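Student:
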């Protein structure tokens, strides 16, 4: 076996020595990307129980890994400048790791990981089918590479909270079965236009929101761990979270709370929630502009100007209040 080796996508590579140190590099951007990779982190840790697991990712999402027994070290960077993520990866690789797994390929980061001197799985986005959820695809490829045992191939998304965090969050005043809205999506192209209508249709339900919406009470502000704990408490009280294809909605499912995600420009078949924890609604399913495997290349992605309407995205407007209400109802 050569000193520098990339693990095959199909044929498991024999491991002549135990995996003592394992690095996962996730530097795609928002904390929602980290959550997509987290089941793979847990599956790798379960498959290599003797390894020290390090995750290199962006702040502020890195705080979500605090208190996670599967993760021994978290290396966080908040520097998105040109070349900075690559330098952060190079510095961590210099410590030496038996196995490196990365979801990040830009700026030659994948090549750095392959050349680091150990085993590497550096092409988890290759051949991504439009009907396979990204988190499951990561796991599938790691199984094929021989780095995740099949028994751990269906890890759920899980963010670990402490008892103290949950207890503090229980001070949140809510009625029974509250609804939490997440109207902000990080990008105008993902914005749903009917939040006020939804609040009105919910009637007497206790409705809270992460951003101002007429008729909804504000959810108390705080860091990501505080938000995660609040969302966990909402779940304990039989509540549900609804929002666009965005990190906080996925985070709700990670702490055991039911959620509904509203997808327009992104394909629910690829970026949808785990059906064990939530629902993913697809607006305008037959859109001819949507590119499931190349979302940033879509004509509408950066401008939020829909080529079908000349204005706001038709895919988000296609999702009606009645459709969302039906998805919010308990199964």
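Numbering (the numbering used here), first residue to last: 304 to 634. All residues carry an ideal CB built from backbone N, CA and C; glycine is no exception. Keep in mind that this is a model prediction, so the values were computed, not measured.
(1) Ignore the nearest five residues each way along the sequence and tell me which others in residue 595's own chain have a CB closer than 6 Å to its CB.
(2) Can you tell me which of the three DSSP states residue 533 falls into?
(3) What would DSSP say about residue 379, mapped onto helix, strand or coil?
(4) Taking only runs that begin and end inside the segment 571-612, name each unbroken beta strand (DSSP E) of 3 or more residues, in chain order.
(5) Can you pull the DSSP bridge partners for residue 329?
(6) Would you decide whether residue 324 is buried or exposed? Buried here means 16 or more other CB atoms lie within 10 Å of its CB.
(7) Please report the straight-line C-alpha distance between residue 520 and residue 410, rounded to a whole angstrom.
(8) Between the alpha carbons of residue 624 and residue 375, how many angstroms are there, rounded?
(9) At which residues does the beta strand (DSSP E) containing residue 405 begin and terminate?
(10) Using CA atoms only, rank isn't needed, just tell me which of 346, 397, 342, 627 is closest to residue 500.
(11) Look at the Cβ atom of residue 455, then the Cβ atom of residue 350, and state whether they are nearer than 7 Å.
(12) Hey, could you find the ends of the beta strand (DSSP E) residue 547 is sitting in?
(13) So residue 339 is in the beta strand (DSSP E); what residue range does that whole segment cover?
(14) Verify whether the separation of the beta carbon atoms of residue 548 and residue 586 is less than 7 Å.
(15) Based on the DSSP output, what are the partners of residue 565 in its beta bridges?
(16) Check whether the Cβ atoms of residue 402 and residue 427 lie closer than 7 Å to each other.
(17) So the candidates are 412, 491, 484; which of them puts its Cα closest to the Cα of residue 555?
(18) Could you spell out where the alpha helix (DSSP H) holding residue 629 opens and where it closes?
(19) Report the rounded CA-to-CA distance for residue 322 versus residue 423, giving the unit in angstroms.
Tutor: Walking through what the data contain:
(1) 433, 570, 573
(2) helix
(3) strand
(4) 581-585
(5) 360
(6) buried
(7) 43 Å
(8) 44 Å
(9) 402-405
(10) 627
(11) yes
(12) 543-547
(13) Note, residue 339: premise wrong, no beta strand (DSSP E); alpha helix (DSSP H) at 334-350.
(14) no
(15) 547, 584
(16) no
(17) 484
(18) 624-631
(19) 12 Å
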